[in-house]
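Residue numbers for the sequence shown, in our numbering: 503 to 757.
Heads up, the beta-carbon is just placed ideally off N, CA and C, and yes, glycines get one too.
Step one of this worksheet: look at the structure below.
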Amino acid sequence: MGAIESAIAKLRDLIASGELAPGDRLPPEPELAALVGVSRNTLREAVRALIHAKVLDVRRGDGTYVTSLEPHLLLSGLSFVVDLMQDRTVLELIEVRRILEPAAIALAATRIDDKTVNAVREILERMRNAESTEELIAEDVEFHRLVIRAAGNATLESLLDALVTRTSKARVWRAISGGGTKAWTLAQHSVIVDALAARDGALAQAASTVLVAASDNWLRHLLGDTTLPPAAPIDSGPLVLEKPAPRKRRRRASA
């Protein structure tokens with residue numbers, strides 16, 4: 503391990519152990535360099551790397567501070583990395599999304615409030631009225647962001663935000679080339695909304711799985727990938743939300 507990597511590791515350990523907590527100001531450079539056991543030049547390079555990673559923040563005229571270390575900060579660079587992935591690597595992104603998003607939407611169904619359900623319905627209505635593919639995809643991305651946020655897990659939200667944004671490009675290709683795709687997509691989103699309103703996590707997860715699987719399978723088909731994982735066909739019909747039959751009340755036996 504080089505000197506800079508060693509300094510980064512030691513600074514990370516100071517933060518992880520709580521010696522430097524979120525919001526704390528770093529000690530003066532000579533003191534911190536002695537604490538870490540490196541030269542001041544090496545320390546500057548290590549600090550610069552942690553600034554780029556959103557672990558540290560420079561306040562001009564005030565000093566360098568540990569950031570809030572919130573997931574949206576620490577994982578913000580993931581979107582940049584994800585955008586660099588090309589062609590078949592996108593399949594891996596959709597595969598990861600295929601694992602995480604249905605679970606997140608199932609969790610959202612147990613935590614979502616009525617106000618958010620109504621907001622999701624409004625987005626679905628805007629999707630129905632979208633006049634262009636770009637407008638439809640933009641509303642689609644917002645739909646998924648809002649639902650995932652309702653799961654109440656900031657780390658999961660940050661991970662999926664990068665995946666949903668990147669894989670939305672694949673959905674643009676699909677929408678442009680696939681006849682009848684919009685109607686199917688709207689129907690599947692409608693099932694998700696109804697499942698959220700009913701607080702039915704199992705159905706919300708199933709509907710999300712079918713939706714993401716369709717994009718996955720379509721893109722694999724487009725790229726000539728013959729290793730399709732078992733899931734929904736390229737254009738499977740939408741799920742149907744059925745209301746449970748009312749339970750019959752038992753009559754009490756007369757004494």
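Next on the checklist: Suppose you measure from the CA of residue 641 to the CA of residue 550; what does that come to, to the nearest Å?
Outcome noted: 37 Å
Checklist entry - Are the beta-carbon atoms of residue 718 and residue 600 separated by less than 7 Å? => result yes
Checklist entry - By DSSP, does residue 562 sit in helix, in strand, or in coil? => result coil
Next on the checklist: Which residue wins for smallest C-alpha separation from residue 605, given the options 659, 548, 592 and 686?
Outcome noted: 659
Next on the checklist: Spatial neighbours of residue 733 within its chain, please: C-beta separation below 6 Å, excluding the five flanking residues on both sides.
Outcome noted: Only weak support is given to the placement of residue 733: the predicted model assigns it a pLDDT of 44, under 50, and the value that follows is read from those uncertain coordinates. Within the same chain, residue 733 has close Cβ partners 715.
Checklist entry - Whose C-alpha, out of 535, 630 and 619, is nearest the C-alpha of residue 647? => result 619
Checklist entry - Of the residues 612, 689, 598 and 655, which one's Cα is nearest the Cα of residue 630? => result 689
Checklist entry - Below 8 Å, can you find three or more Cβ-Cβ pairs linking the segment 556 to 570 to the segment 513 to 527? => result yes
Checklist entry - How about residue 697 and residue 706: do their beta carbons lie closer than 7 Å? => result yes
Next on the checklist: Using a 10 Å radius around the Cβ and a threshold of 16 neighbouring Cβ atoms, would you call residue 663 buried or exposed?
Outcome noted: buried
Checklist entry - Any idea what DSSP makes of residue 527, helix, strand or coil? => result strand
Next on the checklist: In the DSSP assignment, the alpha helix (DSSP H) including residue 642 goes from what residue to what residue?
Outcome noted: 635 to 651
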